[in-house]
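A quick write-up on the structure given underneath.
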Amino acid sequence: MEKKAVVIAGAGSTHTPGIIQSLLQKKQELPLRKLALYDIDEQRMNLVYDIMRQFIEQEAPDLDVVVTTDPETAFTDVDFVFAQIRQGGLAMRSSDEKIPLKYGCVGQETCGAGGSISYGIRSIPGVFGIVEAAKKYSPNCWILNYSNPAAVVAEATRREFGNERILNICDMPTAILLSYSKMLNLPSWRDLDPCYFGLNHFGWFTEVYDKQGVDRLPELREMILNQGMAVSDRHHKDPDWMHTWAQYVEIVKDYPEYLPNSYLQYYLYSQDMAAGMDPEHTRADSVINGREKEMFAEHQAYLADPANYKSPIQSFTVFGDFIVDAAASIAYNKAERYLVIVENNGAIPNLPDDAMVEVPAYVRSWGPEPVRRAPISTFYKGLIEEQLASEKLAVDAYFEHSYQKALEAIAVNKTIPSTTVARKILDDLIAANGDYWPELH
Ligand code: NAD
Ligand code: G6P
Ligand code: MN
Numbered sequence: 002m003e004k005k006a007v008v009i010a011g012a013g014s015t016h017t018p019g020i021i022q023s024l025l026q027k028k029q030e031l032p033l034r035k036l037a038l039y040d041i042d043e044q045r046m047n048l049v050y051d052i053m054r055q056f057i058e059q060e061a062p063d064l065d066v067v068v069t070t071d072p073e074t075a076f077t078d079v080d081f082v083f084a085q086i087r088q089g090g091l092a093m094r095s096s097d098e099k100i101p102l103k104y105g106c107v108g109q110e111t112c113g114a115g116g117s118i119s120y121g122i123r124s125i126p127g128v129f130g131i132v133e134a135a136k137k138y139s140p141n142c143w144i145l146n147y148s149n150p151a152a153v154v155a156e157a158t159r160r161e162f163g164n165e166r167i168l169n170i171c172d173m174p175t176a177i178l179l180s181y182s183k184m185l186n187l188p189s190w191r192d193l194d195p196c197y198f199g200l201n202h203f204g205w206f207t208e209v210y211d212k213q214g215v216d217r218l219p220e221l222r223e224m225i226l227n228q229g230m231a232v233s234d235r236h237h238k239d240p241d242w243m244h245t246w247a248q249y250v251e252i253v254k255d256y257p258e259y260l261p262n263s264y265l266q267y268y269l270y271s272q273d274m275a276a277g278m279d280p281e282h283t284r285a286d287s288v289i290n291g292r293e294k295e296m297f298a299e300h301q302a303y304l305a306d307p308a309n310y311k312s313p314i315q316s317f318t319v320f321g322d323f324i325v326d327a328a329a330s331i332a333y334n335k336a337e338r339y340l341v342i343v344e345n346n347g348a349i350p351n352l353p354d355d356a357m358v359e360v361p362a363y364v365r366s367w368g369p370e371p372v373r374r375a376p377i378s379t380f381y382k383g384l385i386e387e388q389l390a391s392e393k394l395a396v397d398a399y400f401e402h403s404y405q406k407a408l409e410a411i412a413v414n415k416t417i418p419s420t421t422v423a424r425k426i427l428d429d430l431i432a433a434n435g436d437y438w439p440e441l442h
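For the sequence shown, position 12 matches number 13 in our numbering, and the numbering has no gaps at all.
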């Protein structure tokens with residue numbers, strides 16, 4: 002197998018150790034010749050590299066490792082870009098979450114006014130910068146993007162680059178499949194073939210087939226209703242996530258036809274969710290005091306004794322596993338079936354062709370081949386069209402520098418009760434985002 006070169010953009014991410022771990026644990030499936038780490042924050046990136054260097058040297062002593070803040074050095078001669086940047090860092094995530102909550106609306110990383118609109122408009126130019134550098138220095142590379150909010154980013158990259166050699170992905174449906182596989186006593190999430198439709202963080206499993214072709218969804222629904230949802234990987238076992246898995250059962254009780262993506266909780270119960278959130282302490286604070294702090298503590302352990310330091314090899318997360326598998330499927334034309342974000346073009350026949358939807362696709366060297374399904378029924382179509390309008394309007398607001406479109410993006414969102422509230426939130430978001438947003442008029 003021809004060896005590949007990967008650059009991780011946003012290498013200072015708290016998720017980078019997990020990606021490096023997956024890359025090297027899967028070195029038979031995606032053999033590497035070069036691993037580049039790229040970030041705008043040199044100190045944070047070096048910290049991650051310090052933590053992972055011992056593991057890299059142990060697993061891949063001949064690997065060409067490049068650690069750089071220079072785009073040309075990072076993006077030259079690579080086959081894959083794994084992008085996972087967070088424009089404005091966790092501090093801006095905190096502001097995204099707290100501003101809507103001030104007005105009694107859901108404050109969430111990727112959902113609602115703080116997610117699709119605030120983080121969306123902020124993320125677009127950051128991701129464009131990565132894509133432009135990648136295309137400039139390695140015109141044939143594939144860009145696998147995790148950077149959120151993936152739905153809005155995918156719509157923006159569709160308009161700007163036609164999503165040529167860009168695949169936007171999310172680990173949530175796969176993390177849910179991991180839970181299902183555990184509940185069914187199957188060794189891996191790959192033992193299930195899902196049928197699924199929707200937008201990113203806004204979709205439903207309609208069938209969940211095992212390798213014998215039996216739809217296990219009815220059995221899973223009964224297990225979820227009777228015993229609750231099994232938690233999935235290390236990341237989604239965090240105490241904050243337990244509320245999500247409890248709420249998951251409520252969604253299934255109220256809407257038993259299909260099995261939901263857990264993010265639907267923020268839309269289907271938006272008032273209850275907002276009421277249960279603390280405007281002074283949101284998920285961003287927990288990540289800063291948890292996952293990020295642990296990463297910094299790990300670095301202190303490294304600094305205390307670099308010569309004897311051992312990289313922390315942790316339990317599995319879907320995040321690393323999935324992106325490496327998707328890259329290998331492209332690299333070696335394996336045509337594996339994954340849930341990915343693609344331009345609709347009839348995959349969901351009664352949604353617009355130019356919607357970026359999350360559906361199963363066979364991932365090949367020339368890109369994802371989405372699986373077409375039957376038209377969806379009124380409830381799902383109505384919900385999706387409203388959310389799609391919000392996401393498209395957020396991207397319009399970015400490209401047109403339009404205050405009006407940003408207002409409409411917020412007002413049409415299911416997490417927002419009225420235009421009066423939408424306007425107040427928008428004005429606060431404009432102030433908070435400063436130069437991260439284009440000036441809106
Ligand atoms: P983090 O803040 O720990 O790390 C992000 C890194 O990106 C930082 O090191 C930062 O310096 C860097 N960065 C910011 N802007 C950059 C730019 N313009 N160019 C290069 N580097 C830049 O964040 P995290 O919690 O590890 O998450 C990283 C990203 O991955 C976020 O966008 C998050 O939402 C996303 N994510 C997506 C999924 C998914 O399902 N799609 C799952 C998990 C995380
Ligand atoms: C899931 C989602 C991601 C999201 C992450 C947030 O993995 O698929 O899109 O970024 O959760 O997790 P956190 O622990 O940072 O709140
Ligand atoms: Mn996601």
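C-beta: ideal position from N, C-alpha, C; glycine also.
DSSP-derived helix/strand/coil call for residue i
| i | result |
| --- | --- |
| asparagine 146 | strand |
| methionine 2 | coil |
| isoleucine 170 | coil |
| isoleucine 426 | helix |
| alanine 37 | strand |
| alanine 176 | helix |
| arginine 284 | helix |
| alanine 12 | coil |
| glycine 347 | coil |
| isoleucine 21 | helix |
| leucine 352 | coil |
| arginine 365 | strand |
| tyrosine 310 | coil |
| methionine 357 | strand |
| glutamate 337 | strand |
| isoleucine 417 | coil |
| glutamate 370 | strand |
| aspartate 51 | helix |
| aspartate 279 | strand |
| isoleucine 377 | coil |
Residue i burial status per 10 Å Cβ neighbour count (16 or more: buried)
| i | result |
| --- | --- |
| histidine 237 | buried |
| lysine 393 | buried |
| proline 257 | exposed |
| glutamine 272 | exposed |
| serine 233 | buried |
| serine 23 | buried |
| alanine 433 | buried |
| glutamine 29 | exposed |
| alanine 332 | buried |
| glutamate 156 | buried |
| valine 215 | exposed |
| methionine 2 | exposed |
| lysine 212 | exposed |
Cα-Cα separation, residue i to residue j
| i | j | result |
| --- | --- | --- |
| isoleucine 125 | alanine 348 | 25 Å |
| proline 174 | leucine 340 | 7 Å |
| glutamine 248 | isoleucine 225 | 11 Å |
| serine 189 | phenylalanine 323 | 12 Å |
| leucine 441 | leucine 168 | 29 Å |
| leucine 36 | asparagine 149 | 23 Å |
| leucine 430 | serine 117 | 12 Å |
| glutamine 266 | glutamine 59 | 43 Å |
| alanine 275 | glutamate 73 | 44 Å |
| isoleucine 314 | aspartate 192 | 25 Å |
| threonine 207 | alanine 152 | 20 Å |
| proline 353 | methionine 184 | 35 Å |
| arginine 373 | glutamate 337 | 16 Å |
| alanine 356 | valine 343 | 8 Å |
| glutamate 165 | proline 371 | 15 Å |
| glycine 105 | proline 140 | 46 Å |
| isoleucine 177 | valine 7 | 27 Å |
| valine 422 | methionine 93 | 21 Å |
Any chain B beta carbon closer than 8 Å to residue i
| i | result |
| --- | --- |
| proline 371 | Any reference to chain B falls outside this structure, which holds one protein chain only. |
Exercise. Residue ranges of each alpha helix (DSSP H) run of no fewer than 4 residues wholly in the region 60-144, ordered along the chain?
Worked result: 72-76, 90-103, 121-138
Problem set entry | alpha helix (DSSP H) runs contained entirely in the region 189-262, provided each spans 4 or more residues | 218-228, 240-255
For this session: Would you check if there are 3 or more beta carbon pairs closer than 8 Å linking the region 196-205 to the region 256-270?
Result: yes
Problem set entry | Sufficient close CB pairs (3 or more, under 8 Å) joining the region 31-51 to the region 9-16 | yes
Exercise. Below 8 Å, can you find three or more Cβ-Cβ pairs linking the region 91-107 to the region 409-419?
Worked result: yes
Problem set entry | Touch test, the region 327-336 against the region 358-367, Cβ-Cβ under 8 Å, three pairs minimum | yes
For this session: Count the CB pairs spanning the region 299-308 and the region 132-146 that are closer than 8 Å, and state whether there are at least three.
Result: no
Exercise. Within the chosen definition, does the region 103-113 reach the region 172-187 through at least 3 CB pairs nearer than 8 Å?
Worked result: no
Exercise. For the 8 Å Cβ check, are there 3 or more pairs between the region 83-99 and the region 123-137?
Worked result: yes
Exercise. For the region 389-415, which segments carrying the beta strand (DSSP E) assignment without a break, of at least 3 residues, lie completely within its bounds, in sequence order?
Worked result: none
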